[in-house]
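Report on one structure; see the data block that follows.
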DNA sequence: TCAATAGTTCAACAGATTTTGAACTAAGGA
DNA sequence: TCCTTAGTTCAAAATCTGTTGAACTATTGA
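Protein chains in written order, with the numbering used here: chain A, 8 to 117; chain B, 8 to 117.
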């Protein structure tokens, strides 16, 4: 049982930018970047919004090809698709993550 | 007589990403990047939409701090705020421009 | 002065996005 | 089995965006 993800070639630049042009989703990506290698479940992000709302934002990130979501029991393990993004749009993710360092929502989880 | 621009510190990452998360505006930025140093007036972009619509998109770009618009007679001279963007978000603009190389709307003007 | 050119503003509309709560599914532990 | 935990789905509401045409301003050239 696994959720639908776009393949690397289907990841679209305008869509990636539009999806990251949102405080909440940018904060999620910033958080994932700071904890790369550690599997994250949705509840890590409850600080950023309601359960329902997070479900919505996490789906947007997955559908845009920015994150990968693996099902593990009742949890989802969420990670950045860094390899695919780096291959498709070199330097983009890094520059965004660096620039997102001090966004307000992310400060909350420091 | 000059139009309102945000100062460099006011340029916000989420807003820049949201504004660039649109085909038309991404195409405008791609076009500006290919012709850096040459002053562009709005009518260069008529291929991308109606006069009214371009006015809307160009205002979004200016208000987000992505472009600078100078008034020159009845024309506007539009340029990328590359220096400010590079200082604020190093590497971001370059990676976006590189990645935007093959977006559909831009192909039209080649 | 008059007409043409370059672009803006406005109000309206259609459609997309975000947010919410209630009801739901599915797995895991007692 | 029953309860809890983790997250999804759905429909509704509120808001935001993009697009349009008509009317407008301001500059330029004849």
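We put the CB at the ideal spot given by N, CA and C, even for glycine.
Please read all numbers here as calculations on a predicted model, not as lab measurements.
ask   = What beta strand (DSSP E) runs, 3 residues minimum, are completely inside the region 54-91 of chain B?
value = Complete beta strand (DSSP E) runs here, min 3: 74-79 and 82-87.
ask   = Any Cβ of chain B within less than 7 Å of the Cβ of residue 17 of chain A?
value = The C-beta of residue 17 of chain A comes no closer than 7 Å to any C-beta of chain B.
C-beta neighbour in chain B for residue 98 of chain A, strict 7 Å = For residue 98 of chain A, the answer is yes, since a Cβ of chain B falls inside 7 Å of its Cβ.
query = Taking the alpha carbon of residue 24 of chain A as the point to measure from, which residue in B:112, B:106 and B:55 has its own alpha carbon closest?
reply = With distances taken between Cα atoms, residue 24 of chain A lies closest to B:106.
ask   = DSSP state of residue 17 of chain A, grouped into three classes?
value = Residue state, collapsed to three classes: helix.
request  = Sort A:81, A:69, A:83 and A:104 by Cα distance to residue 12 of chain A and report the nearest one.
outcome  = In terms of CA proximity to residue 12 of chain A, A:69 leads the group A:81, A:69, A:83 and A:104.
task = Assign residue 62 of chain B to buried or exposed, taking buried as 16 or more other Cβ atoms, counted over all protein chains shown, within 10 Å of its Cβ.
result = Exposed is the label assigned to residue 62 of chain B, since fewer than 16 other Cβ atoms lie within 10 Å of its Cβ.
request  = For my contact list, residue 102 of chain A and residue 102 of chain B are in at a C-beta cut-off of 8 Å; report their separation, rounded to the angstrom.
outcome  = Yes, they are in contact, since the Cβ atoms of residue 102 of chain A and residue 102 of chain B sit about 6 Å apart, within 8 Å.
request  = Closer than 9 Å by beta-carbon distance: list the chain A residues that pair up with residue 105 of chain B, in chain order.
outcome  = What residue 105 of chain B touches in chain A: 96, 97, 98 and 99.
message = Counting only C-beta atoms, is residue 112 of chain A closer than 7 Å to chain B at any point?
response = Cβ-Cβ to chain B under 7 Å: no for residue 112 of chain A.
request  = Mind checking which residues open and close the alpha helix (DSSP H) that includes residue 103 of chain A?
outcome  = Taken as a continuous stretch (DSSP letters only), the alpha helix (DSSP H) holding residue 103 of chain A covers 99-106.
key: Residue-chain proximity (residue 28 of chain B, chain A), Cβ-Cβ < 7 Å   = Interface annotation, residue 28 of chain B: in contact with chain A, CB-CB separation under 7 Å.
query = So with Cβ pairs under 7 Å, would you call residue 21 of chain B a contact of chain A?
reply = It does: the Cβ of residue 21 of chain B has a partner Cβ on chain A nearer than 7 Å.
message = Please list the terminal residues of the continuous alpha helix (DSSP H) segment that includes residue 3 of chain A.
response = Summary: the structure shown does not reach residue 3 of chain A, with chain A confined to residues 8 through 117, and so no result is reported for it.
query = Could one say the Cβ of residue 102 of chain A lies closer than 7 Å to chain B's Cβ atoms, at least one of them?
reply = Contacts with chain B at 7 Å (Cβ-Cβ) include residue 102 of chain A.
key: Nearest to residue 112 of chain A (by Cα), restricted to the options B:16, B:9 and B:21   = The residue among B:16, B:9 and B:21 with its C-alpha nearest the C-alpha of residue 112 of chain A is B:21.
C-beta neighbour in chain B for residue 40 of chain A, strict 7 Å = Put simply, the CB of residue 40 of chain A is far from chain B, with every gap to its CB atoms at 7 Å or more.
Min CB distance residue 61 of chain A to chain B below 7 Å = Chain B, which has no Cβ nearer than 7 Å to the Cβ of residue 61 of chain A, makes this no.
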